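See structure below.
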Amino acid sequence: AWYLASKENDVTVLKRYETISKSIEPLYASYLLSELERHKVKIIFKVKVKAIKPDSVIAENAEGESINVPADWVVLARGLKPSSAIIKELEGYEVHVIGDCLKPRRIYNAISEGFAAAQRI
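Position 36, counted from 1, in the sequence shown is what our numbering calls 427; the numbers after and before it change by one each time, with no gaps.
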C-alpha cells in the first residue's frame, strides 16, 4: 500500500480486524501507520471482502452493511497460511501470485516478489 501510494496512486486498504497487523511490533506499526497517513492511504477496518468486481470491491462492514470501494487494482493479502483456491475464483483478472502462495521459500522471496508485482501494477 505504501509503495503504490508513494507512486501517486489513490490507495484504500480493507482490513478484517481493528489493527494494521498483529505480528508487527507496536513501534513499527506506529511508524507504518504514520507513513500510510502521510501518503493519504485510506484504511477501512473491520470489513470482510465479499466480491471483487472489474471496477470495485464489495465488502461488508461490522454492522452487516454492504460497502462498495472503487478500485482499478486489487492487491489481496489473505493471512499467514498459503492458499491458492482464490486464484481460480479470480480467473479472467490479472493476478500476480507471490510468496508462499507461489511456493514455500524464505521471506526475502516474498518481499522481492511483492516489490516486483507492485512495480508491474
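Glycine included, every Cβ here is placed at the ideal spot set by N, Cα and C. Nothing here was measured: the structure is a model prediction, and the numbers come from that model.
Cα-Cα separation, residue i to residue j
i, j, result
"Leu424", "Thr403", "13 Å"
"Val486", "Leu418", "33 Å"
"Lys494", "Gln510", "21 Å"
"Arg429", "Asp491", "30 Å"
"Ala392", "Ala476", "23 Å"
"Tyr394", "Gly505", "10 Å"
"Glu399", "Asp463", "14 Å"
"Ala420", "Leu427", "10 Å"
"Pro461", "Pro445", "9 Å"
"Ile458", "Asp401", "18 Å"
"Tyr585", "Ala501", "Not covered by the structure: residue 585. The range shown for the chain is 392 to 512."
Opening and closing residue of the alpha helix (DSSP H) in which residue i lies
i, result
"Ala508", "Ile498 to Arg511"
Enclosing beta strand (DSSP E) for residue i [first to last residue]
i, result
"Glu480", "No beta strand (DSSP E) contains Glu480, which is instead part of the alpha helix (DSSP H) from Ala476 to Glu480."
"Leu467", "No beta strand (DSSP E) holds Leu467; DSSP gives it neither H nor E."
"Ala392", "No beta strand (DSSP E) contains Ala392, which DSSP labels as neither H nor E."
"Thr403", "Thr403 to Leu405"
"Val440", "Val438 to Ile443"
"Lys433", "Lys433 to Ile435"
DSSP-derived helix/strand/coil call for residue i
i, result
"Ser397", "helix"
"Glu416", "coil"
"Glu451", "strand"
"Leu427", "helix"
Buried versus exposed, by CB contacts within 10 Å (16 or more), residue i
i, result
"Val432", "buried"
"Val448", "buried"
"Ala396", "buried"
"Leu405", "buried"
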